[in-house]
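Everything on this sheet refers to the single structure shown next.
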Amino acid sequence: MSETPLIVLDRVCKQYGTTPVLRDCSLTVARGEIVVVCGPSGSGKSTLIKCINGLEPYQSGSVRFDGEEVGARTTDLPRLRSRIGMVFQSFELYPHMTALRNVMLAQVHALKRPRAEARARSLDLLARVGLADRAEAYPADLSGGQQQRVAIARALALDPIAMLFDEPTSALDPEMINEVLDVMTGLARDGMTMVVVTHEMGFARKVANRVVFMDEGRIVEDRPSEAFFGAPVTERARVFLSKIIAH
């Protein structure tokens, strides 16, 4: 793994009105690293990763992606976002388009790929996520797990150098969670840089290099996953883990 940081957050603060959401958050993610962000609801996890690709503005501090300041006025955010794949809790597929067309769309319009090339790339990606036989299906005819896998293929279609996942399995029925986690595990195995907000502690323990634990807008712990699960330093993290693993 390269020691050159791909993502650097330095004392990032964000608030909605007078309500603080992020408080002096600093985080470094190396190329090829998998970082899981966890913590109770409302702790700022989703906001943190949305700051990485400029979906959420921040009031102070710095966010740099591949050396570029995300919050700078001169930053071309659409170009930057094409290098950072994002997968949300909700699948956000176009319901009137097939799985294939959902994956093709941004390639044709954002990357200006020829349609034949975009189609071939999309079919390859759908096969990669285990949906080669569902290319012509519409979202309404797909399960939640299948829709999320199409969303992952769509994000990968822009050839990102990092992937952000914002609770990608929280809207799924339990039996569909593993099929999505298996795809994410494959990405990790292939060396994709990933920042994942999730409550799936089994995935975190198996795949993550590091676990970041957040509470009340602060990064409370940032430790290798084995150390975090083996002996969390803070009482807050111990209580959180005892509840979520027992559940």
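My numbering puts the first residue of the sequence shown at 1292, with every later residue one more than the last. Where is the CB? At the ideal position from N, CA and C, for every residue including glycine.
Buried or exposed (CB count within 10 angstroms, at least 16 for buried), residue i
i, result
"residue 1444", "buried"
"residue 1367", "exposed"
"residue 1332", "exposed"
"residue 1349", "buried"
"residue 1501", "buried"
"residue 1369", "exposed"
"residue 1427", "exposed"
"residue 1536", "exposed"
"residue 1302", "exposed"
"residue 1307", "exposed"
"residue 1516", "buried"
"residue 1337", "buried"
"residue 1305", "buried"
"residue 1482", "exposed"
"residue 1335", "buried"
"residue 1324", "buried"
Within 7 angstroms, strictly: CB atoms of residue i and residue j
i, j, result
"residue 1372", "residue 1344", "yes"
"residue 1473", "residue 1380", "no"
"residue 1413", "residue 1399", "no"
"residue 1423", "residue 1417", "yes"
"residue 1313", "residue 1484", "no"
"residue 1504", "residue 1329", "yes"
"residue 1498", "residue 1525", "no"
"residue 1354", "residue 1300", "yes"
"residue 1327", "residue 1487", "yes"
"residue 1386", "residue 1430", "yes"
"residue 1397", "residue 1449", "yes"
Reduced DSSP secondary structure (H/G/I, E/B, other) of residue i
i, result
"residue 1510", "strand"
"residue 1310", "strand"
"residue 1315", "strand"
"residue 1301", "strand"
"residue 1386", "coil"
"residue 1405", "coil"
"residue 1320", "strand"
"residue 1459", "coil"
"residue 1338", "helix"
"residue 1431", "helix"
"residue 1381", "coil"
"residue 1535", "helix"
"residue 1436", "helix"
"residue 1367", "coil"
"residue 1523", "coil"
"residue 1498", "helix"
"residue 1491", "coil"
"residue 1399", "helix"
"residue 1420", "coil"
"residue 1477", "helix"
"residue 1344", "coil"
"residue 1444", "helix"
"residue 1411", "helix"
"residue 1426", "coil"
Sheet register partners of residue i (DSSP bridge)
i, result
"residue 1359", "1356"
"residue 1453", "1375 and 1484"
"residue 1503", "1328 and 1513"
"residue 1296", "1321"
"residue 1351", "1304"
Any chain D beta carbon closer than 7 angstroms to residue i
i, result
"residue 1346", "Absence of chain D from the displayed structure is noted, only one protein chain being present."
- So does the region 1304-1321 actually touch the region 1456-1476, counting three or more Cβ pairs closer than 8 angstroms? No, the region 1304-1321 does not touch the region 1456-1476.
- Using 8 angstroms as the Cβ pair cut-off and three pairs as the minimum, do the region 1374-1386 and the region 1403-1417 touch? No: the two stretches stay apart, fewer than three of their Cβ pairs being nearer than 8 angstroms.
- Query: With contact counted as at least three CB pairs below 8 angstroms, one residue from each stretch, are the region 1425-1441 and the region 1385-1395 in contact?
  - Reply: In the pairwise beta carbon analysis, the region 1425-1441 is classified as touching the region 1385-1395: at least three pairs are separated by under 8 angstroms.
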